[in-house]
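Colleague: Before I ask anything, let me first share the structure, which is written out below as structure tokens.
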DNA sequence: CTTCTCCCTGTTTTT
DNA sequence: CAGGGAGAAG
């Protein structure tokens, strides 16, 4: 049944004259969502249904209605998404939109905790641990507890951390998780629990917070400090949460508390695009929103403006076969008849050559490189293609996978800066001390213990100069102290601080990596230009942990001089929310996509299906799905060659099948 | 103690 | 195919 809305009194009383023609610019459902300003609203927004547009107009509507932009909070999946929306809103109603607070849950938690962490005992200078840092800590505690020397193999740092993190993000406990899903760890449960406690203490004592802690601590401060909770709830009177299907219970709790005094929350999401369950998200959470906020107004956006009809038909066919009922269907508004193509390739090389050749053809047809994307399930799936693109001088950026910021040399430089920001950061001290020649883990720990009693950085540096242990590294230690002094001094710009560290570090790096230091030096140069954009060391460091530059290693070199636009290579996860004229999805082989890890569990298999749905719905006009046959997979010992099970038995009018052959015949 | 080398294991997605 | 553990040499 259709709904007809009686306007609330608060809205009718104010006879605001709007400059924007909301009715003309938005369809019925979008208009409904953008102009309902009071109370809880849940927007189920299908792919390409103008979700971003709706949010942008809602921000504009709020501002036009006289709401102070500083009272609006826009939580999105990446900071870039938030910035883009606010930029567009600013074009509509003016620059004041830039005062809207926007970003990810984690970055919001970070900024709240820097200001209001005291009541729960968190110092404002705390350091954020990224995944690698957290693993370093767990490893340290693991070997300190002698767990590495056990008769029975103890789980690796990565597995341990995954367990701890999953417990937090699913709002459950380690014992329960071990019982339900990590049965193979049952024998180690006691040790794991002790380790978890030690990990917690270690972080607390040294003012460290990992990603999960940011959410947990924000929840805690909202729960335990009435003052803070009330102040924040009064500050942020209008809350919008994008990509709600990928939030978890902890995040939902946070939203619930933030909105406690007013219930003005709009959640936007799409249950069929939920692809982050490995991070504790559950697509059913989106349905719980109505339970959490009684009286929720439900709006569905089902008109798709992005893709041609045949592409949508394929998308609908894929998701139709999901055993669980979904909440909406997509109707095409875009004309055009580019039919999706399923392309069989002889092997991986042929697939890469096909993609490269087809991209160049499209370019001749007027589709420029920056309107094309190649998507894949796992980051390494594009390695061979990257070589082919390089060979043909096709410039690209790669999103997702290993990041520039995660390379050892960048982390080394960052560690120097982090020690200055938080002198109790043992992980970073350890890291920079180990760089010195002739200084190993034992001495590093000794020196850190010697430093630890210092009240601040100045004290620590003084103790560093007076280190009792002497060795070949004594002189280096003094130089390190000089550099740290320089980084700590108040009237030095961030760029100069970073330059000082790089100047100190590069000679060591040449010694450490005699083979490839030129490449690494280029990365460091790139990092210098990034750092120069920051006014304080603190913001540089939190940004590098929370929103690191998304580019991965390769393109730092490539991106510099190309003006023409770049082809995008991306994991499907990193392609979320984006769109291109032409999209290629590669490696659609059963075992790769769906990934063989997830073949046995229905929940996981369904997430793979949604992953394909997300990839397909990124395309506007051209869609190619490709798979190589005859692939030997070393890890499983299997020969892969069957197309993805999600594509099996689709009628020919939905998907046209093509086989790639060599010029001159079927044989290679 | 530190550093080098050799062998084994286990491979997704991200804040 | 690297990351890490074990063992040997400096």
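Numbering (our numbering), first residue to last: 14 to 681. Note that CB positions come from ideal geometry on N, CA and C, so glycine has one too. None of the values given here were measured: they were computed from a predicted structure.
1) With distance defined between alpha-carbon atoms, name the residue in 278, 205, 38 nearest to residue 56.
2) Using the three-state DSSP reduction, which class does residue 339 fall into: helix, strand or coil?
3) How would you call residue 326, buried or exposed, if buried means at least 16 neighbouring beta carbons within 10 angstroms?
4) Please name the residue in 95, 342, 228 whose C-alpha comes closest to that of residue 292.
5) How would you write the range of the beta strand (DSSP E) that residue 12 sits in, first residue to last?
6) Taking the beta carbon of residue 230 as the centre, do at least 16 other beta carbons fall within 10 Å, making it buried, or is it exposed?
7) Residue 342: buried (16+ other C-beta within 10 angstroms of its C-beta) or exposed?
8) For residue 621, is the classification buried or exposed, using 16 other Cβ atoms within 10 angstroms of its Cβ as the cut-off for buried?
9) For residue 40, which residues in the same chain have their Cβ closer than 7 angstroms to its Cβ, ignoring the five residues on either side in sequence?
10) With burial defined as no fewer than 16 other Cβ atoms inside 10 Å of the residue's Cβ, what is the status of residue 473: buried or exposed?
11) Just how far apart, CA to CA, sit residue 296 and residue 361?
12) Ends of the beta strand (DSSP E) at residue 291?
13) My guess is that residue 434 and residue 359 are in contact by the Cβ rule of under 8 angstroms, so how many angstroms apart are they, rounded?
14) For residue 669, write down the residues that DSSP places opposite it in a beta bridge.
15) Under 7 angstroms Cβ to Cβ from residue 305, same chain only, skipping five residues before and after it: list those, please.
16) Which word fits residue 651, buried or exposed, when buried means at least 16 other C-beta atoms lie within 10 angstroms of its C-beta?
17) Rounded to whole angstroms, what's the CA-CA distance from residue 566 to residue 247? Just pull it up for me.
18) Using three-state DSSP, classify residue 317 as helix, strand or coil.
19) Can you tell me whether residue 440 is buried or exposed, with buried defined as 16 or more other CB within 10 angstroms of its CB?
20) Exposed or buried, what is residue 64 when buried is set at 16 or more other beta-carbons lying within 10 Å of its beta-carbon?
21) Per DSSP, what kind of secondary structure is residue 275 in: helix, strand or coil?
22) Which of the three DSSP states, helix, strand or coil, is assigned to residue 660?
23) Checking 7 angstroms against the spacing of the C-beta atoms, do residue 94 and residue 72 come in under that value?
24) Return the CA-CA distance between residue 460 and residue 481, expressed in angstroms with no decimal places.
25) Using a Cβ-Cβ cutoff of less than 7 angstroms, which residues in the same chain neighbour residue 169 once the five nearest sequence positions on both sides are dropped?
26) Give the single residue among 400, 427, 392 whose Cα lies nearest to the Cα of residue 414.
27) Whole angstroms is fine: what's the gap from residue 32's alpha carbon to residue 608's?
28) Apart from the five residues just before and just after residue 26, which ones in its own chain have a Cβ nearer than 7 angstroms to its Cβ?
29) Nearest-angstrom Cα distance between residue 485 and residue 518?
30) Using the Cβ count rule (16 or more neighbours within 10 Å means buried), how would you classify residue 619?
31) Would you kindly report the start and end of the unbroken alpha helix (DSSP H) that includes residue 626?
32) Among 443, 313, 276, 275, whose alpha-carbon lies nearest the alpha-carbon of residue 284?
33) Return the chain-ordered list of same chain residues with a C-beta closer than 6 angstroms to the C-beta of residue 457, the five sequence neighbours on each side being excluded.
34) Does the Cβ-Cβ distance between residue 154 and residue 212 come in under 7 angstroms?
35) Which two residues bound the contiguous beta strand (DSSP E) that contains residue 411?
36) Quick test of your reading: residue 281 and residue 257, contact by CB under 8 angstroms. State the CB separation rounded to the nearest angstrom.
Modeller: So, from the data block:
1) Among 278, 205, 38, the Cα nearest to that of residue 56 belongs to 278.
2) Here residue 339 carries a coil assignment [DSSP, helix/strand/coil].
3) So residue 326 counts as buried.
4) 228
5) In this structure the chain extends from 14 to 681, so residue 12 is not present and cannot be described.
6) Per the 10 Å Cβ criterion, buried.
7) exposed
8) With 16 or more Cβ atoms within 10 Å of its Cβ, residue 621 is classed as buried.
9) 316
10) buried
11) 34 angstroms
12) Counting along the chain, residue 291 falls outside any beta strand (DSSP E), and DSSP gives it neither H nor E.
13) The beta carbons of residue 434 and residue 359 sit about 54 angstroms from each other, so the pair does not count as a contact at 8 angstroms.
14) DSSP lists 354 as partners of residue 669.
15) 265, 269
16) Under the 10 Å beta carbon count, residue 651 is surrounded by fewer than 16 other beta carbons and is classified as exposed.
17) Any reading at residue 566 is ruled out, since the residue's pLDDT is 47, under 50, leaving its predicted position unreliable.
18) strand
19) buried
20) buried
21) coil
22) In this structure, residue 660 counts as helix in the three-state DSSP scheme.
23) no
24) 9 angstroms
25) For residue 169, where only same-chain residues beyond five positions count, there are no Cβ hits under 7 angstroms.
26) Per the Cα distances, 392.
27) 51 angstroms
28) Here the model assigns residue 26 a pLDDT of 48, short of 50, so the residue's position is not dependable, and the following value carries that caveat. Here residue 26 has no same chain residue with a Cβ atom under 7 angstroms from its own Cβ, once five neighbours each way along the sequence are excluded.
29) Distance from the CA of residue 485 to the CA of residue 518, rounded to the nearest whole angstrom, comes to 17 angstroms.
30) buried
31) Looking at the DSSP string, the run of the alpha helix (DSSP H) that includes residue 626 is 615 to 629.
32) 313
33) Excluding five sequence positions before and after residue 457, the CB atoms of its chain that fall closer than 6 angstroms to its own CB belong to 443, 446, 447, given in chain order.
34) yes
35) Looking at the DSSP string, the run of the beta strand (DSSP E) that includes residue 411 is 409 to 412.
36) 6 angstroms
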